[in-house]
Amino acid sequence: MAIMNFELDPALEAFRQEVRAAIDADLTLELKAGMQAYAGSQAEPDDALTWMRILNKRGWSVPHWPIEYGGTGWSAMQLYIFNEECCNAWAPDTCWGETQMCGPVIYTFGSDYLKEKFLPAFRRGDYYLAQGFSEPGNGSDLARLRTAARREGNIYIVNGQKIWTSSAYASKWGFFLVRTDPNVKSQAGISFLMIKLDTPGITIRRIPQLNGEADLCEVFLDNVVVPAENLIGEEGKGWTYAKFLLDHERTTSSFIFFNKRELARAKMIAQNEAQDGEPLIRNPHFRSRLLRIEAELTALEWSVLRELSHEDFKYDATAAASTLKIAGSRLQQSINELQMDMLGAKAMRAFPFDPADREDAPLWPGYAETATSRALVMRAATIYGGTLQIQKGIIAKLAFDL
Ligand SMILES: Cc1cc2nc3c(=O)[nH]c(=O)nc-3n(C[C@H](O)[C@H](O)[C@H](O)COP(=O)(O)OP(=O)(O)OC[C@H]3O[C@@H](n4cnc5c(N)ncnc54)[C@H](O)[C@@H]3O)c2cc1C
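Remember, the numbering used here sits 43 above the position in the sequence shown when you count from 1.
Printed below as a string of structure tokens:
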């Protein structure tokens, strides 16, 4: 019988120590404190860019990319350890649009012109990037998107509207799905365009959110002129590139490290909050909820590690990405719900989103300050990147042939 060894290889353990020391030296107190006080789901765009620039000095800003485009050549396990250490140290996320989504699409399908124009800028953290996919009425049903790009010589003229475009107000460029051919099957008429967001004809409107944030935007495109050289890959192949991108987005959406960090915060609450003089950690109800979540999180972590090692991996990669997305996003919500339940009345208070406006926050335990805002943000974890129901549909079709 094979014996499972849960110990980390000594070389990987040494790698972990090296990464930990480097992050310790490079991560500024401002960035760390900003993340600890932040009540949104991801880092503020400016903080993400600052961290990208710091990492780039070590050649670590896009470690998972191929070496020729600035990657490190690290193994999947080394990347996993690097990401875990960054999260544990409260480093900001790197810019997902660039590093996880658009960058891989450009180096896999883009022209030499686009590779030279964008990849070094993404790697250096020169600017933020927005994802222009969803439209009013065409979120889950993305293949029916209506934003039209008409080719005229060496330009496209783009008209339409996008919605829920994260951080568009703070972004210089966006990667957009547009309809270049209305006369073919929905998926076959879609193309993938890079559009500069200060181009005349673009209007960006921020959408106020329940937690006081206004990160999501509407993007209106009115006769926007885009050079045809900004087309990624071939016209009409945008749907294929988008599926490639969404698999990347969903695999990283398992949020293991974030969930481990939030579970640790839940344990801290359980140790410090009490009911009838008894710490909640001794209360059988909360104790069993903590343990159940910990078991689910451990199972998810080992599933991800198994996928990384590609051992025994015989399922469709898209279905696997959807499974990880479901498990990770549900855990985000259940950990947060547990935190809220344990905080009781202390969770009734919604602090202002901006830490500078939280005047009386020091009177409250630090762990209560951002819980309510995070609870509101976490509702979206089973929506963005493709909803829970859509992921279940993908699994049914691809893994079980239903
Ligand atoms: C915080 C946040 C950030 C986002 N960031 C971006 C971004 O940066 N760029 C971008 O392009 N988009 C972004 N989105 C949009 C996101 O991708 C869409 O909201 C999502 O795909 C769902 O689309 P929809 O909102 O149109 O809902 P709908 O598609 O209208 O869905 C409504 C409900 O119907 C269900 N449903 C729909 N179709 C089916 C079906 N076939 N089977 C079963 N159930 C179904 C859905 O699961 C959902 O519960 C973001 C969303 C959020 C909440």
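C-beta: ideal position from N, C-alpha, C; glycine also. No experiment lies behind these values; they were computed from the predicted model shown.
- In the DSSP assignment, Asn202 is bridged to Ala191.
- A Cβ-Cβ contact shorter than 8 Å links Cys130 with Arg304.
- By the criterion of a C-beta distance shorter than 6 Å, Trp207 is surrounded in its chain by Ser177 and Leu259, once the five residues flanking it on both sides are discounted.
- Using a 10 angstroms sphere on the CB of Val105, the tally of other CB atoms reaches 16 or more, which defines it as buried.
- Judged by DSSP secondary structure, Lys239 falls within the beta strand (DSSP E) whose first and last residues are Ile233 to Lys239.
- Secondary structure of Trp216 (DSSP, three-state): strand.
- Under the three-state reduction of DSSP, Phe263 is assigned to strand.
- Of all C-beta pairs linking the region 243-250 to the region 191-199, fewer than three are shorter than 8 Å, placing the two stretches out of contact.
- Secondary structure at Val420: helix, using DSSP grouped into helix, strand and coil.
- Looking at the DSSP output, Leu274 bridges to Leu236.
- Annotation: Thr71 is outside any alpha helix (DSSP H) and is labelled neither H nor E by DSSP.
- When the beta-carbon positions are compared, Gln434 and Ile369 come within less than 8 Å of each other.
- Pairing Tyr81 with Glu111, the inter-Cα distance amounts to about 35 Å.
- A distance below 8 Å separates the beta carbons of Ala192 and Leu236.
- Note that the C-beta distance between Asn266 and Asn202 is below 8 Å.
- A Cβ-Cβ separation of about 6 Å places Ile336 in contact with Ser377 under the 8 Å criterion.
- By the Cβ-count criterion, Met391 is exposed, with fewer than 16 other Cβ atoms from all chains shown falling within 10 Å of its own Cβ.
- Going by C-alpha positions, Glu256 is about 34 Å away from Gln230.
- Judged by pairs of C-beta atoms under 8 Å, the region 132-145 touches the region 167-176, as three or more such pairs exist.
- At a Cβ-Cβ threshold of 8 Å, Ser210 and Ala173 count as neighbours.
- Annotation: Leu343 to Ala271 spans about 43 Å, alpha carbon to alpha carbon.
- For Ile433, the shortest C-beta to heavy atom distance toward ligand 1 is below 7 Å.
- For Asp184, the shortest C-beta to heavy atom distance toward ligand 1 is below 7 Å.
- With fewer than 16 other Cβ atoms from the protein chains shown falling within 10 Å of its own Cβ, Ile250 counts as exposed.
- In this structure, Val269 sits away from Gln204, with a CB-CB distance that is not shorter than 8 Å.
- In this structure, Arg373 and Thr425 form a Cβ contact; the two beta carbons are roughly 7 Å apart against a cut-off of 8 Å.
- Thr71 is classed as exposed because its beta carbon has fewer than 16 other beta carbons within 10 Å across all chains shown.
- Per DSSP, reduced to three states, the secondary structure at Val269 is strand.
- In this structure, Glu278 keeps its C-beta atom at 8 Å or more from the C-beta atom of Thr366.
- When the five nearest sequence neighbours on each side are left out, the beta carbons in the same chain lying within less than 8 Å of the beta carbon of Gly102 are those of Gly113 and Thr115, in order along the chain.
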